[in-house]
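Data block below; observations after.
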Amino acid sequence: MIQTVQDVVHAIRRARLLPDEQVAEILRDIAPRCRDSHGLLDYLVQIDWLTPYQVEQIDQDNWDGLTLGPYQMLAPLGQGGVSQVFQAWDTERGREVALKVIRQGLNDESEAVRQFERELAVITRLSHPNVIKTFDAHQVGRINYFAMEYVEGVDLNRYIADVGPLPVEYACDFIRMTALGLQHAYQMGMVHRDIKPANLFLINPPADPNVPFVRRGPDALVKILDWGLARMLPTPGEALQSDSSLDPERGMMIGTADYVAPEQARDASLVDIRADIYSLGCTFYYLLAGRVPFPGNSLMQKLLKHQTEEPTPIKQLRPEVPDEVALVLHKMLAKNPNDRYQIPLLVVAPLRHYTLSALGNAGSVIRSSQGSSPGMRPSSTMNVRPGTMLGLGTGRPVSRPSQPTQRPQTRPNLPSDPTGDDTVQ
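As structure tokens, then:
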């Protein structure tokens with residue numbers, strides 16, 4: 078139990094949150110001027126030596142969970158059914174990372190471990206600008222984790238909820254980038270199986286793309302997240318040798334109902350990259366219309382509509398969408414996989430003509446009609462804390478806390494009233 082200043086210093090040392098020279102400075106200059114343990118912790122947050130999350134864990138005597146291998150936990154970013162994501166500091170390489178850790182209590186559940194290991198097996202093989210990068214993967218005791226690049230921005234689900242339907246050139250650009258990432262996955266023999274706006278992370282999001290002639294900032298970049306439902310496709314030889322009746326996913330619906338391909342809803346074990354193209358088409362529709370192709374509250378009703386109905390034509394909702402773009406979208410949403418684009422790369426070429434880089438300054442004349450269609454937030458398989466990075470979160474970049482192994486350049490004046498009886502050794 079953290080009760081004294083000495084307890085705070087002991088926890089910091091045991092959790093290896095600060096280097097020895099900073100601990101020495103706490104002992105020499107800071108602790109003697111602090112009233113109590115809370116005063117010391119508050120001050121360490123003010124000078125960015127500790128994060129609010131670290132202080133919360135220390136105060137609750139949970140400091141032993143603040144370090145995992147070479148990583149120091151800075152803040153929680155989000156969690157799903159299987160894993161939690163933390164903003165963390167890599168003490169060996171001196172960089173921030175997003176650390177994905179299998180949730181406590183699930184380490185002994187075979188299905189949870191299998192899904193976590195599947196994602197790890199997939200993402201460590203991927204290396205593409207439009208796919209989140211993985212740096213490291215290890216197991217400490219019974220805890221499995223892997224470290225990904227830490228990026229700031231917002232997922233497309235929340236972004237559309239904030240700004241509304243996108244101008245055509247932005248929507249085309251974001252879908253084009255996603256298709257390039259999926260093409261790389263396809264070439265590596267993978268299918269994502271959960272492509273949706275919440276799993277597409279936007280770096281450098283435009284402040285308000287619906288206001289024409291606003292000065293552009295850095296180019297936006299889309300990265301594909303969350304490969305936990307991904308599937309490695311067998312080679313033809315492996316397919317002949319395998320017994321599909323033993324596949325635990327046979328006949329299952331895996332994915333998110335608002336974006337799932339018809340064939341994936343019937344049997345997720347048999348899908349290929351064309352299912353991802355359908356899901357990307359549903360995402361494209363959402364970016365342009367501000368709503369999913371088949372709104373509704375019933376899961377079964379949504380799945381049935383994906384099988385049997387056509388969505389409202391996009392040009393009926395957005396008349397300014399070019400005919401060629403509408404045709405691309407229509408083909409991506411074909412019910413029969415054979416009628417869609419067969420690989421993601423074929424989506425890229427026709428959309429390239431309508432992206433920001435192709436249109437240049439002329440892009441500002443293609444604008445969405447604000448409020449032309451009500452925004453609907455699609456269902457998500459991951460609940461994410463607001464205000465975070467890849468963590469996913471708001472439309473604003475989040476501030477980065479100073480690295481715990483680096484002394485900040487400036488700081489407030491030291492506390493001036495030593496009144497407590499705590500002593501530190």
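Position one of the sequence shown corresponds to residue 78 (the working numbering), numbered consecutively onward. Where a beta carbon is used, it is the ideal one built from N, C-alpha and C, also for glycine.
Three-way DSSP call (helix, strand, coil) for residue i in this model
{"i": "E397", "result": "coil"}
{"i": "E229", "result": "coil"}
{"i": "H215", "result": "strand"}
{"i": "V288", "result": "coil"}
{"i": "F371", "result": "coil"}
{"i": "I331", "result": "coil"}
{"i": "I220", "result": "strand"}
{"i": "R172", "result": "strand"}
{"i": "I420", "result": "coil"}
{"i": "M377", "result": "helix"}
{"i": "R105", "result": "helix"}
Selected residue, minimal CA-CA separation from residue i, among the options
{"i": "I220", "options": "V122, G146 and L259", "result": "G146"}
{"i": "P286", "options": "A248, V174, E102 and E169", "result": "A248"}
{"i": "Q419", "options": "D349, V402, R172 and K210", "result": "D349"}
{"i": "L257", "options": "A224, P206, A214 and V231", "result": "P206"}
{"i": "V377", "options": "M330, A345, E387 and T389", "result": "Before going on, a small fix: residue 377 reads as Met here, not Val. Checking every option, the nearest Cα to that of M377 belongs to M330."}
{"i": "M409", "options": "D167, I391 and P396", "result": "I391"}
{"i": "G230", "options": "L117, I272, Q384 and L154", "result": "L154"}
{"i": "L166", "options": "Y263, T144 and H87", "result": "Correcting the residue type first, residue 166 is Trp in the shown sequence and not Leu. When each option's Cα is compared against that of W166, the closest is T144."}
{"i": "A403", "options": "G373, T385, L364 and H383", "result": "L364"}
Distance between beta carbons of residue j and residue i, contact taken as under 8 Å
{"i": "M254", "j": "L310", "result": "M254 to L310, Cβ: 23 Å. No contact."}
{"i": "I354", "j": "P399", "result": "Their Cβ separation, rounded to whole angstroms, is 20 Å, which puts I354 and P399 out of contact at 8 Å."}
{"i": "V405", "j": "P388", "result": "The pair is not a contact, with the Cβ atoms about 14 Å apart (cut-off 8 Å)."}
{"i": "L94", "j": "Q149", "result": "6 Å"}
{"i": "L118", "j": "V85", "result": "6 Å"}
{"i": "L380", "j": "A342", "result": "5 Å"}
Residue(s) in a DSSP beta bridge with residue i
{"i": "G305", "result": "DSSP, once it has assigned bridges, lists no residue as partnering G305."}
{"i": "N234", "result": "Answer by DSSP bridge pairing: none, since N234 is not bridged."}
{"i": "Y148", "result": "L145 and D167"}
{"i": "P153", "result": "F163"}
{"i": "M267", "result": "M309"}
{"i": "L277", "result": "I301"}
{"i": "I179", "result": "S160"}
{"i": "V208", "result": "I301"}
Beta-carbon proximity check, residue i vs residue j, cutoff 8 Å
{"i": "L71", "j": "R351", "result": "Lying outside 78 to 502, the shown extent of the chain, residue 71 is not represented and no answer is given."}
{"i": "L277", "j": "T360", "result": "yes"}
{"i": "Y227", "j": "V299", "result": "no"}
{"i": "I179", "j": "L302", "result": "no"}
{"i": "L394", "j": "A366", "result": "yes"}
{"i": "V82", "j": "D106", "result": "no"}
{"i": "L151", "j": "V162", "result": "no"}
{"i": "V159", "j": "F193", "result": "yes"}
The ligand PLP heavy atom lying under 7 Å from the CB of residue i
{"i": "N139", "result": "This structure simply doesn't include the ligand PLP, nor any ligand for that matter."}
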